[in-house]
Structures are given as structure tokens and as C-alpha cells.
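Q: Below you will find the structure I want to go over with you.
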Amino acid sequence: MVSLPILQFEEKIVQTVQDNPVVVIIGETGSGKSTQLSQIFHRHGYSKSGVIAVTQPRRVAAVSVARRVAQELNVNLGEEVGYAIRFEDRTSPKTKIKYLTDGVLLRESLSNPELSDYSMIILDEAHERSLNTDILLGLMKRLVKLRPSNLRVLITSATLDGNKVSDFFMNCPVLTVPGKLYPVEILYSNERPTSYIESSLRTAIDIHVHEPEGDVLIFMTGQDDIEKLVDKLRDKVQSLEEGSCMDAIVLPLHGSLPPEMQVRVFTPPPQNCRRFIVATNIAETSLTVDGVVYVIDSGYVKQRQYNPTSGMYSLDVVQISKVQADQRAGRAGRTRPGKCYRLYPSKVYQDELLDVTIPEIQRSSLAGSVLYLKSLDLSDIDILKFDFLDPPSSDTLEDALKQLHLIDAIDTSGSITNVGKIMAELPLEPALSRTLLEANEYGCLSQALTIAAMLSAETSLLPGRSKHSEKKRKPPPDLPDGSGLGDHIQLLQIYEYWHQIDYHIGWLKDNDLQVRGMLFVRDVRKQLSQIIQKIAKGNLDVQEAESERERRRDYKNLRKALCAGYASQLAERMTLHNGYRTIGFKSQLVQVHPSSMLRTDDDGMFPDFVVYHELISTSRPYMRNVCAIKVSWVIPIMKKLENLNVNRLSGGSDQVTDGEQRKSSSLLQQKNLAIEQDDRESKIQAARERFLARKAEREQSLGRKAKK
DNA sequence: CTTGTGGCA
Numbered sequence: 001m002v003s004l005p006i007l008q009f010e011e012k013i014v015q016t017v018q019d020n021p022v023v024v025i026i027g028e029t030g031s032g033k034s035t036q037l038s039q040i041f042h043r044h045g046y047s048k049s050g051v052i053a054v055t056q057p058r059r060v061a062a063v064s065v066a067r068r069v070a071q072e073l074n075v076n077l078g079e080e081v082g083y084a085i086r087f088e089d090r091t092s093p094k095t096k097i098k099y100l101t102d103g104v105l106l107r108e109s110l111s112n113p114e115l116s117d118y119s120m121i122i123l124d125e126a127h128e129r130s131l132n133t134d135i136l137l138g139l140m141k142r143l144v145k146l147r148p149s150n151l152r153v154l155i156t157s158a159t160l161d162g163n164k165v166s167d168f169f170m171n172c173p174v175l176t177v178p179g180k181l182y183p184v185e186i187l188y189s190n191e192r193p194t195s196y197i198e199s200s201l202r203t204a205i206d207i208h209v210h211e212p213e214g215d216v217l218i219f220m221t222g223q224d225d226i227e228k229l230v231d232k233l234r235d236k237v238q239s240l241e242e243g244s245c246m247d248a249i250v251l252p253l254h255g256s257l258p259p260e261m262q263v264r265v266f267t268p269p270p271q272n273c274r275r276f277i278v279a280t281n282i283a284e285t286s287l288t289v290d291g292v293v294y295v296i297d298s299g300y301v302k303q304r305q306y307n308p309t310s311g312m313y314s315l316d317v318v319q320i321s322k323v324q325a326d327q328r329a330g331r332a333g334r335t336r337p338g339k340c341y342r343l344y345p346s347k348v349y350q351d352e353l354l355d356v357t358i359p360e361i362q363r364s365s366l367a368g369s370v371l372y373l374k375s376l377d378l379s380d381i382d383i384l385k386f387d388f389l390d391p392p393s394s395d396t397l398e399d400a401l402k403q404l405h406l407i408d409a410i411d412t413s414g415s416i417t418n419v420g421k422i423m424a425e426l427p428l429e430p431a432l433s434r435t436l437l438e439a440n441e442y443g444c445l446s447q448a449l450t451i452a453a454m455l456s457a458e459t460s461l462l463p464g465r466s467k468h469s470e471k472k473r474k475p476p477p478d479l480p481d482g483s484g485l486g487d488h489i490q491l492l493q494i495y496e497y498w499h500q501i502d503y504h505i506g507w508l509k510d511n512d513l514q515v516r517g518m519l520f521v522r523d524v525r526k527q528l529s530q531i532i533q534k535i536a537k538g539n540l541d542v543q544e545a546e547s548e549r550e551r552r553r554d555y556k557n558l559r560k561a562l563c564a565g566y567a568s569q570l571a572e573r574m575t576l577h578n579g580y581r582t583i584g585f586k587s588q589l590v591q592v593h594p595s596s597m598l599r600t601d602d603d604g605m606f607p608d609f610v611v612y613h614e615l616i617s618t619s620r621p622y623m624r625n626v627c628a629i630k631v632s633w634v635i636p637i638m639k640k641l642e643n644l645n646v647n648r649l650s651g652g653s654d655q656v657t658d659g660e661q662r663k664s665s666s667l668l669q670q671k672n673l674a675i676e677q678d679d680r681e682s683k684i685q686a687a688r689e690r691f692l693a694r695k696a697e698r699e700q701s702l703g704r705k706a707k708k
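For what it's worth, full-length UniProt numbering labels the leading residue of the first sequence as 1, then goes sequentially.
Right under this line is the structure:
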């Protein structure tokens, strides 16, 4: 503990912080910055005038670091040293050092914009550049001007962008604290491999045969590649001559692995046995595997990116940045000197890899973040000019404004509305928070809460189609089917059934539903209910009786509420086939994702209009999680689209550009088209719906009986 | 006719 490098710099750090409102600390791995900085300033009296806050990008980190600091100070966790993460606040009035996720700090800033409880805010791991960290960086820049005398801000970062952060904070001082990593020898390939699975395999076996003991960590891009390599590696290791080298264990490691499989990497291997851990970038920062001496770095990573013009996400394999490459290499030097095999030439590292990873804020939809910033009521700030360390493109900001306007969160001049203010208080995507408010008007809040919670679950809850299993798929054993109306309704029905059987875990397992995910959903739903009750200052019906629901099997009100929430995520079916054209974004042809529960009518056709939760481009552009809606609900949204003026939303000039004019006239055509369709098909549509509803009811009651 | 890098309120 005493040997932590950072303690040798204590006086220097304290002195610098005393003289400067913002200081950047470059602390390499093992410097002890996460546990020591807070204690240093606690010792020097900074906790007398307020709490010292340390933010972490991840919940496990906030908890584990707080635990360690409490131990080192020999106090009970939750008293002088505490932490706060979603669903769990372990702090008390005695708390002087508080570890929290940056998401929690953002929420706190909503109710107390000056964050007056804190005398010092330490943004740890800022180089990871999470969306939340980036917003906090912008807020901190304002806050130190508001509280120059009684707030100190520390930002920890990586070597490669310390100066950039310093520039952002008016050339604040940068202190570098060495780490405690052992040297890592970097070995490059002569050329880029044609298949990096094969290349990883060769390198791994080479290490196994020729290098002394020590575990091998291999970075791959995703689950598929990991499974392939794990299989090949196991085969190869088995085929090696008995006694020619030590034993080997091959372990996969990625986020969709069940927790009990993930923790296997924490049990040390038996004597004279080498472990190969084949991992995604989860092992870059989130999980630290002890005993790794060799790292194999493919040089690639999977990244999700957002296209603001089309509203479409894609998951692409891209080259890592130098920061990531260095981070990966560092994983080999935690216990003793190690080696890192980069499966690309040094020239690629030098010339092609970006210095730092493109921050998340430039790769995501910003509707939620923009709403958040608007709700802070920073009167002097035009959102397009908000001072970000790396500003998002104006396309992304305009897209966010447009989406927010379509769901009534901001008015035509871009100011936040009362509806928007309430929405911002809910920890949800704007589409879902808007749905909740609308559902409350229609008397189906309880159902909407469930859907919002289900869609908040980070990973997919439903069973995926396993590839190696037989092709004919069995109908899902017990799962409801959304009455054919789509995936939102199915998610609702699944949760409601689980609720009825008292959250029985066995039922989840029997139906391949993720237990962890569903428990998370239950927590989220509870939290959302509490927040919305508090906002309404009254008794909202968040736990509607089952008998009530039974009478409305077509979920009409609920679907109407979804339509309001997803006003910017509409699609219209093509006349002759089941493809859809998106409305609102640059119009594109998209398909209903094949996993969807949306049902076709007797002619094999999907509904004329749907809302979708997400556009994702994989093998083709798909809508994931769709819900059938009626054309009459769409008309008012079309009208709004037609009158939309993005320039005004962003507080710019009122003049309509040529481009805007063209856009709105084509929207007008869209609208007319929709009305024609309405006339032609409304009767048929009504008949279909009645039919579907009846059929669904029949099936529902049949399903129930069969179970009993 | 088929997706899931990693996080967070």
C-alpha cells in the first residue's frame, strides 16, 4: 500500500490543486489513483467543507474501489466512505468520500445543478470517454466558473490525450504519475493476416510450445469469432504430443456469457497448466484477469455507430486506437514482465491507428443527452454551441432536436416544454418516457411501465436461435406471442405472466429467458414507478388489476401511447410487399426483423403502419421491436413533420432553406399517400383487426388452459 | 427469414 507510486507525489499534487481549479492527472495503470487521490485530499482537509466525489464509468468499479478505500481507512462502508450506483445508495450524512457512477452524478446534477454538496469532484477514467463522462466534462467547465473558490475538479486521463483535456480546461496543469506495470515487449507481425483467427491460433500455439508458463489473453471482436477460435484451439492443444508441453485450458470471455461462466476466469489454473482466455474488449477495461503474461491483439474491435441521417445503427468491426492497443498490451504486465503479439505491422500502429478512440458522443443518437442538457436550463447556452471536449456533428444534434420536437419535448423554437421537463426526470430513452406520459393519459400507465422496463434491459432477454441446433424451430414452449400485434406487446405479456406467477425463476429458466435480465427489469420497473409517482405527487395506477387488462385485448390505448412516444420512428408498409419505408428520417426501405412476433393477415401482409424501437443494419437494414399502429394515429404526426423547421429548433434563423422546402413538400406527398391508403383500406383493416383480436383471444385462452 | 463490442440513469 505504502509503495503506491502516487504517494511520492502527494505534496506536489496537493499544491497544484490548491492553486488551480482544474488539474489533469495522468496516472498509468497501477498508480493507485482511483483509491489514493480521494484519501490524499481527505487527509488535507478537503472533506471538511464538503464531500469528495469520485466518478467511475462502471458500477462494479464504484463498488469495489469504495470497498477498498473503506478498508484502508478502517471505517465501515457506507459511513465515512460510501458509494452510489443505480438502485443502491450506500452513503450516509457521515460520508466524506463518495464513489459513484457518472450516470448517478448526472442525475444529481439535475436536482442540484451546482452540486453544492461536493468540495471536490474527481472524474476517474475520463480517457474512456463514455457518453456520460463527456457530458460531465462540459458541465464541469461551467461549474468551476460558478464555484471558483470552493470547488476543485480533478480529471484522470491517459497519456495520449492529457494535453487535449488541458487545452479544454484553459491550459490547466497536467501531472503525470507513473504506474506500476512491468515492462511489456511488443512484437509485431510482418504483415496483416488474411484471417486473424488462424493467425491468433498459430501465435497461441507458438507461445504454448516455446514460451515459459503464464496465461495467454487473446482479443477478438465478438462472440462468433471467440467460439470458433476456442474450438480450434482446443482441438489443436489436444493434438499436441503428450508431455511435449504443459496442459492447457481454453476459456471464452464475453458479455453475453452467463455470469457463472464469466467468473471462471478468476479461478487460478491448476499446477503446470496454461490458460488461454479468448475475450472481447470486456477484458480491456471491465474485467482484469490475473496471471496473464502474453497478450495477442488482433487490432480490431466491434463498435456500434449511429447514422443521424437515416436513424440507423450498425455494428462494425473497426481498427482499434493506439490507446486501446496500449491498454491491451498493458494487460500482459500486471504480475511480471510480459509480451504482446500484435497481429499487424508496426507501421500500421504508427500510421493507421487513430491516437484515441472516437468518443461515444460522436457515435450515438443524442436525443436523450440533448433533452437532459435542455432540462438543466442553462439559459445562456445554445445546444448547438455547448462546449463539448469533442463536439458531436451538427447533423447529430439536429437529429436529436427533431426527434425531441416530434414527441413534444421541445417546442417549435427549441425550448423545453413541460412534458419535456418531466421526461428528463425519467431514466429512459425519450421515446419511452414520452410513451409513459401518454399512457398515463390513456389509463394504461402500468402496461407502459412494463414495456419501458423490458426495453431498458441491456441484453436481449429472449432466447436466441442457437446455430448448431436443428433447423426446425419448436414453437416457444410457454411464451405469449404478443397477440400478433408486435414485440412490445409480447414483452408486456411475458412480464405480466411472470408477475402473475410471483416472479417464479424456474419458469424463466424453462423458457430460456435471462434470469439476470428479468430481475433487472423488475428493479427498473419499480424505480420508474416510484419516480413517476413522485413527479405526479399522487396516486397513479402503476399496478393495474388483471381483470381490467383482460377487457382490452387489442391494447389499443397502449399502442396509441407507443405511437406518440415513437413519433420519430414510424414506418409505412409498401403496397405490394412486406417491406417498409421509414418516415421522418431520410426514407429507406427496411424489413421487419425475422425474430419479430408481428403477425401477417390472411393475405400474408403486415400492418400498414408500425413503430419500431430501433433500426439496425446487419445483413440487411432491419426494424427491431415493432408494434402495429393505425393510420389515423399517424396523420397528426405527418402534419407535424410537414411543418417542421430544424433551423428554428436549434435557435437559428427562421428562414426556410431550399432544402427544407423540398423536404416539407415531399412530406406533404407522404401524407397524402397515407390518406389515400387510409380510404382504400380502412374498412378491410378494421375487419382484420377484429379478426386478429378474436383469434388472439382464442389462442390466449387455449394457451392458458393447456398450462393448467 | 435472423443479432447481441462494452457501459450507464
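We treat Cβ as the ideally placed atom computed from N, Cα and C, and that holds for glycine. None of these values were measured; they are calculated from a predicted model.
Use the C-beta contact count for Ser49: other C-beta atoms within 10 angstroms, 16 or more gives buried, fewer gives exposed.
A: Within the first sequence, numbered from 1, the residue matching residue 49 stands at position 49. It is exposed - the Cβ of Ser49 has fewer than 16 other Cβ atoms within 10 Å.
Q: Using only the alpha-carbon positions, how far apart do Pro621 and Glu429 sit?
A: Against the first sequence, residue 621 aligns to sequence position 621. Against the first sequence, residue 429 aligns to sequence position 429. Between Pro621 and Glu429, the C-alpha separation is close to 22 Å.
Q: Does the region 367-378 come close enough to the region 429-443 to have 3 or more Cβ pairs within less than 8 Å?
A: Counting Cβ pairs under 8 Å, three or more are found: they touch.
Q: Grouping DSSP H, G and I as helix and E and B as strand, with all else coil, what is Ala409?
A: Indexing the first sequence from 1 puts residue 409 at position 409. Coil, per DSSP.
Q: Among Phe609, Arg624, Glu614 and Leu151, whose alpha-carbon lies nearest the alpha-carbon of Met638?
A: For the purposes of this step, residue 638 is taken as the residue at position 638 of the first sequence. When only C-alpha atoms are compared, the closest one is Phe609.
Q: Here's the rule: buried if 16 or more other CB atoms are within 10 angstroms of the residue's CB, otherwise exposed. What is Asn440?
A: Here residue 440 refers to the residue found at position 440 of the first sequence. Under this definition Asn440 is a buried residue.
Q: Output the distance between the C-alpha atoms of Asp326 and Ala424, rounded to the nearest integer angstrom.
A: Indexing the first sequence from 1 puts residue 326 at position 326. Indexing the first sequence from 1 puts residue 424 at position 424. C-alpha separation (whole angstroms): 38 Å.
Q: On the DSSP letters alone, give me the boundaries of the beta strand (DSSP E) that Glu441 sits inside.
A: Walking along the first sequence from the start, residue 441 turns up at place 441. First-last for Glu441: Pro430 to Tyr442, but that is the alpha helix (DSSP H), not the beta strand (DSSP E).
Q: Per DSSP, which residues does Cys245 bridge with? Please list them.
A: Taking the first sequence and counting its residues from 1, one reaches residue 245 at position 245. Looking at the DSSP assignment, Cys245 forms no beta bridge with any residue, so it has no partner.
Q: With DSSP as the reference, please indicate the residues paired to Pro621 in a beta bridge.
A: Position 621 of the first sequence, counting from 1, holds the residue named residue 621. According to DSSP, Pro621 bridges with Ser617.
Q: Report buried or exposed for Lys33, applying the criterion of at least 16 other Cβ atoms within 10 angstroms of its Cβ.
A: Counting from 1 along the first sequence, the entry for residue 33 is found at position 33. The residue is buried, with at least 16 neighbouring Cβ atoms inside 10 Å.
Q: With a threshold of 8 Å on Cβ separation, who are the neighbours of Val292 within its own chain once the five nearest residues in sequence on each side are excluded?
A: Here residue 292 refers to the residue found at position 292 of the first sequence. Closer than 8 Å at the Cβ level, and outside the excluded window around Val292, lie Gly214, Asp215, Val216, Leu217, Ile277, Arg331, Ala332, Arg334, Thr335 and Gly338.
Q: Whose C-beta lies closer than 7 Å to the C-beta of His593 among residues of the same chain, with five residues either side of it excluded?
A: Position 593 of the first sequence, counting from 1, holds the residue named residue 593. The answer, listed in chain order, is Tyr622, Met623 and Arg624.
Q: Here's the rule I'm using: 16 or more other beta-carbon atoms within 10 Å means buried, otherwise exposed. How should Lys98 be labelled?
A: Within the first sequence, residue 98 is the residue found at index 98, counting from 1. With 16 or more other Cβ atoms within 10 Å, it is buried.
Q: Just mark Tyr503 as buried or exposed, buried being the case when its beta carbon has 16 or more other beta carbons within 10 Å.
A: Position 503 of the first sequence, counting from 1, holds the residue named residue 503. Looking at its Cβ environment, which holds fewer than 16 other Cβ atoms inside 10 Å, Tyr503 is exposed.
Q: Could you check what DSSP says for Cys340 in three-state terms: helix, strand or coil?
A: Taking the first residue of the first sequence as 1, we reach residue 340 at position 340. If DSSP states are grouped into helix, strand and coil, Cys340 belongs with the strands.
Q: Alpha carbon to alpha carbon, how far is Ala457 from Arg573? Give it in angstroms, no decimals.
A: Stepping through the first sequence from its first residue, residue 573 is reached at position 573. Stepping through the first sequence from its first residue, residue 457 is reached at position 457. Looking at the two C-alpha atoms, the distance is approximately 29 Å.
Q: For Thr16, which three-state DSSP category applies?
A: Taking the first residue of the first sequence as position 1, residue 16 is located at position 16. Helix.
Q: Have a look at Ser413, Leu240 and Val153 and flag the residue whose alpha-carbon is nearest the alpha-carbon of Val174.
A: Locating residue 174 in the first sequence gives position 174, where the first residue counts as 1. The option with the nearest alpha carbon to Val174 is Val153.
Q: Considering Phe276, what are the terminal residues of the beta strand (DSSP E) in which it resides?
A: On the first sequence, position 276 is the one that residue 276 refers to. Counting along the chain, the beta strand (DSSP E) containing Phe276 begins and ends at Cys273 to Ala279.
Q: Report the rounded CA-to-CA distance for Glu496 versus Ala564, giving the unit in angstroms.
A: Counting from one through the first sequence, the residue named residue 496 turns up at place 496. Counting from one through the first sequence, the residue named residue 564 turns up at place 564. Taking the straight line from one Cα to the other gives about 23 Å.
Q: On the CB-based measure, 16 or more other CB atoms within 10 Å of its CB, does Lys96 come out buried or exposed?
A: For this step, residue 96 is matched to residue 96 along the first sequence. Per the 10 Å Cβ criterion, buried.
Q: If you measure from the CB of Lys141, is any heavy atom of the ligand SAM nearer than 7 Å?
A: No copy of the ligand SAM occurs in the structure displayed, which carries no ligand at all.
Q: In this structure, what does DSSP give as the bridge partners for Cys627?
A: Position 627 of the first sequence, counting from 1, holds the residue named residue 627. Answer is Gly486 and Val611, bridged to Cys627.
Q: If you pair each beta-carbon of the region 138-148 with each one of the region 298-318, do three or more pairs fall below 8 Å?
A: Verdict: no, contact absent.
Q: My output table needs one value for Ala536: the three-state DSSP class, helix, strand or coil.
A: The residue given as residue 536 occupies position 536 in the first sequence. Ala536 falls in the helix class under three-state DSSP.
Q: Checking 8 Å against the spacing of the C-beta atoms, do Tyr555 and Ile489 come in under that value?
A: Within the first sequence, residue 555 is the residue found at index 555, counting from 1. Within the first sequence, residue 489 is the residue found at index 489, counting from 1. Result yes, Cβ atoms of Tyr555 and Ile489 sit closer than 8 Å.
Q: So the alpha helix (DSSP H) Phe388 belongs to, where does it begin and stop?
A: Reading the first sequence from its first residue, position 388 is the one you call residue 388. Unbroken run through Phe388: none, as it is neither H nor E.
Q: Can you tell me the Cα-Cα spacing of Leu462 and Gly255, whole angstroms?
A: As a working note, residue 462 is residue 462 in the first sequence. As a working note, residue 255 is residue 255 in the first sequence. Roughly 16 Å between the two C-alpha positions.
Q: Would Tyr294 pass as a contact of Glu211 if the rule is Cβ separation under 8 Å?
A: Counted from its first residue, the first sequence places residue 294 at position 294. Counted from its first residue, the first sequence places residue 211 at position 211. Yes; because the gap between Cβ atoms is below 8 Å, this pair is in contact.
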